[in-house]
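If you're matching positions, the sequence shown starts at 1 in full-length UniProt numbering and goes up one per residue.
Inspection log for the structure reproduced underneath, given as structure tokens.
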Amino acid sequence: MTNENVLICSDVNARDGIGIEIYQNDELIMEIFRDDSTKSRTIRLFKEHISLELMEKYIRYFKREIPWDFEDHDCVK
Numbered sequence: 001m002t003n004e005n006v007l008i009c010s011d012v013n014a015r016d017g018i019g020i021e022i023y024q025n026d027e028l029i030m031e032i033f034r035d036d037s038t039k040s041r042t043i044r045l046f047k048e049h050i051s052l053e054l055m056e057k058y059i060r061y062f063k064r065e066i067p068w069d070f071e072d073h074d075c076v077k
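And the structure:
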């Protein structure tokens, strides 16, 4: 049986943004990240083979849980 966990994490050091980390049996297998500094969204894989169904499941999760709009930290109000 596979145990899956999702963590919502922010990063303001090397990157500036927020994303999710997906763990399978306590092993990091995938990260989906919204980088506000580069205005990009990326998927990084840590496991060689990930099913399309699993990938689609967590893309939906990312879209539901992580704000889609980029933060603009250069704009001070």
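Every residue gets a Cβ at the ideal spot worked out from N, C-alpha and C, and that includes glycine.
Remember, predicted model here, so these are calculated numbers, not experimental data.
Rounded to the nearest angstrom, the Cβ distance from ILE59 to ILE32 is 7 angstroms, consistent with a contact under 8 angstroms.
ARG34 sits away from ILE22, with the two beta carbons spaced by 9 angstroms or more. For PHE70, the secondary structure class from DSSP, reduced to helix, strand or coil, is coil. Just measuring C-alpha positions, the residue of SER37, VAL12 and ASP11 sitting nearest ASP72 is SER37. The C-beta distance from ILE50 to ILE29 rounds to 6 angstroms, short enough to meet the 8 angstroms contact threshold.
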